[in-house]
Amino acid sequence: MKYARLVWSNLMRSKRRTVLTLASVAVAFFLFATLASVLTTLASVTETGSESRLSTRNAIGITFDMPQSYHERLRGTPGVREATHVSWFGAVYVDPKDFFAQFAIDPVVYFDMYPEVLVPEDQLRAFREERTAAIVGRKLMERFGWRLGQTVTLQGTIWPGDWEFTIRGVYEAEDPSFGEETFYFHFDYLYELSNQTARHGWYILELEDPDQAGAVSARVDAMFENSTAPTKTETERAFQAGFVTMWGNVGFLVRAIGTAVFFAILLIAANTMMMAARERTGEVAVLKTLGFRDGQLASLVIVEALLISLLGGFLGLMGAKLMFESSDPLASFLPGFSVAIGTIGAGLAIAALLGLVAGAVPAWQSARLSVVEALRHVG
Amino acid sequence: MALVEVHDVYKTYSKDSQAVQVFAGVNLEIESGEYLALMGPSGSGKSTLLNMLAGLDQPDSGTVVVEGVDLTQLKARQLADFRANNIGFIFQFYNLLPVLTAAQNVELPLLLTSLSKSERNERVRIALGVVGLVDRSDHFPRQLSGGEQQRVGIARAIVSDPTLILADEPTGDLDAKSADEILALLGELNKEHGKTILMVTHDAHAAETAHDTIHLDKGVFHR
C-alpha cells in the first residue's frame, strides 16, 4: 500500500493519456463482452428444445414448405403422440427494421405441446376461440407498448396486404433462450386470407418415448422418401442448430474479429505502457540510486499496467452488461441475449493477462536499466 | 579502519568501441566524519568513483570497502539494500520526481524501510526541517526554485540517516547565492550531524568549504 501514491502519481502524470488508454481498453472489452455473449447465446439457442419433440421439415431446406396432407399421416405414425404444424409469416409492423418473428400455428394443439411456454388459461381459451386472435411474447408487448385486447396491423410481405390481429394472450418463457419476442396466430386465418396458398412450413412431433427419437425419425423420413416432398426429421435441438448455421459460420467470424480487436488493443496498451516507461528512464535510475531493487521497480510498472487494463476491462464489461440489460437491441434475433457472469469473469481474466503482457516489456526494461548509463543521459 | 577504502582498483570502459582506462591500481581512504571535495578535469573518473562508492558501478579488479562491506562481493539486490541503508546521493540536477510533492520525494527512501506511515512522516518532517523547507513540503518540484529543489534533494539524501553522503556537483546548476546556501547546508550536515561527505565539484570556491580536496588526474589521486 505504501507504494500506492507512487503508482497513482505515475498514472496521473499524463491524465489525458491515461484516460484515452482506459477508454480504448474499455471499448475493446465492451466489444469482447458483446461478441462473447453472441457466441454463448447462440450456443444456448442450439440447446433449446425438448428431448421429447422432433422437427420434420422439407429435406431440401427449411424455406421449402410441406404438403398439409402430411399432418394426419404424421399424427398416425407409431411412436408419435401428437403432431402440429408451424408456418413462417414474415410480415412487418410499421418499420421493417423492427423485426420480430411471426408464426401461424394450430391454436388447439401447439401450446399444449410446449408446456415450458406459459399462457394464462383464460387467455389461451380466448385465443383459441377467435380466428384473428394472436398470442404475443411479454417482451414484444413491452417493446411496442401493446396491451391485451389491442388490434394490431401487420403488413404482409410473402402474402401482401394489411393483416389485422387482436392480441388475446401474452406468453412468458420458462427458458430465456426460447425468447419472449414471438407473435403467434391461427394458421386457418392465414390459409383463408392467402387464398389457400399458405402451406405448413414444418411439423413438430411429440414422442411417446424420447428414447425412440432415432427410430421415429427414421420411420418418418422413410415414409416420405419417395414422395414429392421428402422430409428430414431431427431433434428440436438439431433443428435449432440448423437455424443458427443458416447465418453462416458466425462463431468463426466472431472469434476472428474478437481476436483481431484484442491484439490491436494489446498493441496499443503495450505501446502506451512502453512510452510511459521510456519517459521515466531517468526517474527509474534515480530510484535505483536510492536503493529500489530491480524487482520492486518492475513490479511497479506491472501494477500500473494491470490497473489500467483491469479498470478499463471492468468499465467495458460492466458497460456492456448494463447496456444490454437496460435495452435488449438483439432480442429479436437472439432471444435471451445477455452478458453472463462467466463472460465478465473471462473478460477480467483476459484483462489481467493483457496488463501482464503489456507491462512485461517495460518492466523488464526497468529492471535491466543501467543506472550509470541512465544517469549520464539525465545529467 | 577508514570508512571508505578503495584498494588497487582498475577500471576500463569502452567508448565508441575504444577501451578507455579510467583507473589503473588507484587507492583511496576516507575517514569517518571527513568532508572532502573531489576535483579533476572532465573524464578523469570523478563520477565513476562516486558510482563505485555507491555500488552503482563495479571495478574490473580491486576492492571497494564502505563501512567494512566489500561492495565488489555483493549481488545487485544486496547492493540496492546497501545503498538504501548507507548512502545518501545528491545529484547535480536534483532529479526529483515531478509527480510527487517535496515531502513525497523525501519519503521515497523510507518506503524501502519497515517504518510506519506516521514514523515516515516524522522523519520527513525532520529532514525538511534540517534543510529549512517544512513550509514547502506540499509543493511540487515545478513550484520550487533551483536552490529549493536541491535542498529537497539533500533532505531526500539524509532522511534515512546514511553515514556517507555522495554529492555529484551539487552546486553545478545553481546561482551563486543558492550555491552558497547549499554549501553551508553540507557543512552543517558534516559538522552538526557528523555526516561523511564526498563532493565532486569543478568550483574551487565550493572545494574551499570542504576540509580537504582530492585532485584526480590521469587516474591518480592527489591530496
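Here the protein sequences line up with chains A and B, keeping their order.
Mapping of the first sequence onto the working numbering: position 128 corresponds to residue 1150, and the numbering continues sequentially without gaps.
Mapping of the second sequence onto the working numbering: position 185 corresponds to residue 530, and the numbering continues sequentially without gaps.
Note that beta-carbon positions come from the ideal geometry of N, C-alpha and C, so glycine has one too.
These numbers come from a predicted model, not from an experiment.
Does residue i have its Cβ less than 8 angstroms from a Cβ in chain A?
i	result
Leu519 of chain B	no
Phe485 of chain B	no
Thr558 of chain B	no
Leu468 of chain B	In the sequence as displayed, the identity of residue 468 of chain B is Arg instead of Leu. Not an interface residue.
Leu383 of chain B	no
Arg568 of chain B	no
Asn372 of chain B	no
Asn440 of chain B	yes
Phe368 of chain B	no
Val444 of chain B	yes
Ala529 of chain B	no
Asp548 of chain B	no
Asp426 of chain B	yes
His352 of chain B	no
Ala421 of chain B	yes
Gln363 of chain B	no
Ala524 of chain B	no
Ala323 of chain B	Any answer about residue 323 of chain B is impossible in this case: the structure gives chain B only from 346 up to 568.
Leu453 of chain B	yes
Ala512 of chain B	no
Determine the extent of the beta strand (DSSP E) in which residue i is found, giving its start and end residues.
i	result
Val318 of chain B	Any answer about residue 318 of chain B is impossible in this case: the structure gives chain B only from 346 up to 568.
Glu514 of chain B	Per DSSP, Glu514 of chain B belongs to no beta strand (DSSP E) and is neither H nor E.
Trp1110 of chain A	Val1102 to Trp1110
Met544 of chain B	Thr541 to Val545
Gln1124 of chain A	Ala1123 to Ile1127
Arg1027 of chain A	Per DSSP, Arg1027 of chain A belongs to no beta strand (DSSP E); it is in the alpha helix (DSSP H), Ala1026 to Leu1033.
Ala448 of chain B	It is not in any beta strand (DSSP E) - Ala448 of chain B instead sits in the alpha helix (DSSP H) that spans Ala447 to Glu452.
Ser406 of chain B	Ser406 to Val411
Give a yes or no on whether 8 angstroms exceeds the smallest Cβ distance from residue i to chain B.
i	result
Arg1300 of chain A	no
Val1029 of chain A	no
Arg1039 of chain A	no
Thr1043 of chain A	no
Val1393 of chain A	yes
Gly1401 of chain A	Because the pLDDT of Gly1401 of chain A is 47, which lies under 50, any placement of that residue in the model is unreliable, and the question is left without a value.
Met1034 of chain A	yes
Gln1387 of chain A	no
Val1308 of chain A	yes
Glu1305 of chain A	yes
For the alpha helix (DSSP H) containing residue i, name the first residue and the last one.
i	result
Gln352 of chain B	It is His, not Gln, that sits at residue 352 of chain B in the sequence shown. Element bounds for His352 of chain B: not the alpha helix (DSSP H) but the beta strand (DSSP E), Val349 to Lys360.
Gly1159 of chain A	Premise fails: Gly1159 of chain A lies in the beta strand (DSSP E), Ala1155 to Gly1159, not in any alpha helix (DSSP H).
Phe566 of chain B	Taken as a continuous stretch (DSSP letters only), Phe566 of chain B belongs to no alpha helix (DSSP H), being part of the beta strand (DSSP E) at Val565 to His567.
Thr1303 of chain A	Thr1303 to Leu1312
Lys420 of chain B	Counting along the chain, Lys420 of chain B falls outside any alpha helix (DSSP H), and DSSP gives it neither H nor E.
Ile1411 of chain A	The displayed coordinates of chain A run from 1023 to 1401. Any statement about residue 1411 of chain A would go beyond what the structure contains.
Phe1200 of chain A	From DSSP, Phe1200 of chain A is part of no alpha helix (DSSP H); its letter is neither H nor E.
Gly492 of chain B	Gly491 to Ile503
Phe1133 of chain A	Tyr1132 to Met1135
For the ligand ATP, I want to know if residue i counts as a neighbour, meaning its beta carbon is within less than 7 angstroms of at least one of the ligand's heavy atoms.
i	result
Ala1126 of chain A	The ligand ATP is not part of this structure, which contains no ligands at all.
Of the choices the options, whose alpha-carbon is the least far from that of residue i?
i	options	result
Arg1103 of chain A	A:Phe1246, A:Glu1094 and A:Ser1321	A:Glu1094
Leu1391 of chain A	A:Asp1231, A:Gly1083, A:Ala1307 and A:Thr1154	A:Ala1307
Pro1118 of chain A	A:Ala1278, A:Arg1169, A:Gln1177 and A:Arg1165	A:Gln1177
Val371 of chain B	B:Leu489, B:Tyr380 and B:Tyr355	B:Tyr355
Phe1051 of chain A	A:Ala1286, A:Gly1313, A:Tyr1132 and A:Leu1378	A:Ala1286
Arg1315 of chain A	B:Val479, B:Gly385, B:Ala448 and B:Asn430	B:Asn430
Val1272 of chain A	A:Ser1331, A:Leu1061, A:Glu1196 and A:Trp1110	A:Leu1061
Val1373 of chain A	A:His1107, A:Phe1261 and A:Ala1291	A small correction: the amino acid at residue 1373 of chain A is Ala; Val does not occupy that position in the sequence shown. Per the Cα distances, A:Ala1291.
Gln488 of chain B	B:Ala447, B:Ser392, B:Ser362 and B:Phe436	B:Ala447
Gln1124 of chain A	A:Arg1147, A:Glu1202 and A:Ile1226	A:Glu1202
Ile559 of chain B	B:Asp405, B:Asp415 and B:Met384	B:Met384
Looking at the strands, I want to know which residues DSSP matches up with residue i.
i	result
Glu1258 of chain A	In the DSSP output, where bridge partners are listed per residue, Glu1258 of chain A has none listed.
Gln1177 of chain A	A:Val1114 and A:Asp1184
Thr1078 of chain A	A:Tyr1225 and A:Thr1255
His1208 of chain A	A:Ile1127
His484 of chain B	DSSP, once it has assigned bridges, lists no residue as partnering His484 of chain B.
Leu381 of chain B	B:Leu543 and B:Asp557
Glu374 of chain B	B:Glu350
Gly433 of chain B	B:Ile510
Leu1339 of chain A	Paired residue(s): none; Leu1339 of chain A is not in a bridge.
Glu1194 of chain A	A:Leu1140
Checking contacts by CB at 8 angstroms: is residue i closer than that to chain D?
i	result
Leu456 of chain B	In the structure shown, chain D cannot be found, because the protein chains are A and B.
> For the stretch 470 to 503 of chain B, which residues have a beta carbon sitting closer than 8 angstroms to at least one beta carbon of chain A?
Replying inline: Arg501
Members of the stretch 1160 to 1189 of chain A that neighbour chain B once the beta carbon cut-off is set at 8 angstroms: none
Along the stretch 1104 to 1116 of chain A, where does the CB come closer than 9 angstroms to a CB of chain B? Name the residues. none
Tell me which residues of the stretch 382 to 413 of chain B have at least one Cβ-Cβ distance to chain A shorter than 7 angstroms, keeping chain order. Asn396, Ala399, Leu401 and Asp402
field: Interfacial residues, the stretch 1312 to 1331 of chain A to chain B, with Cβ spacing under 7 angstroms
entry: Leu1312, Gly1313, Phe1314, Arg1315 and Asp1316
Taking beta-carbon pairs under 8 angstroms, can you tell me which members of the stretch 1185 to 1215 of chain A lie near chain B? none
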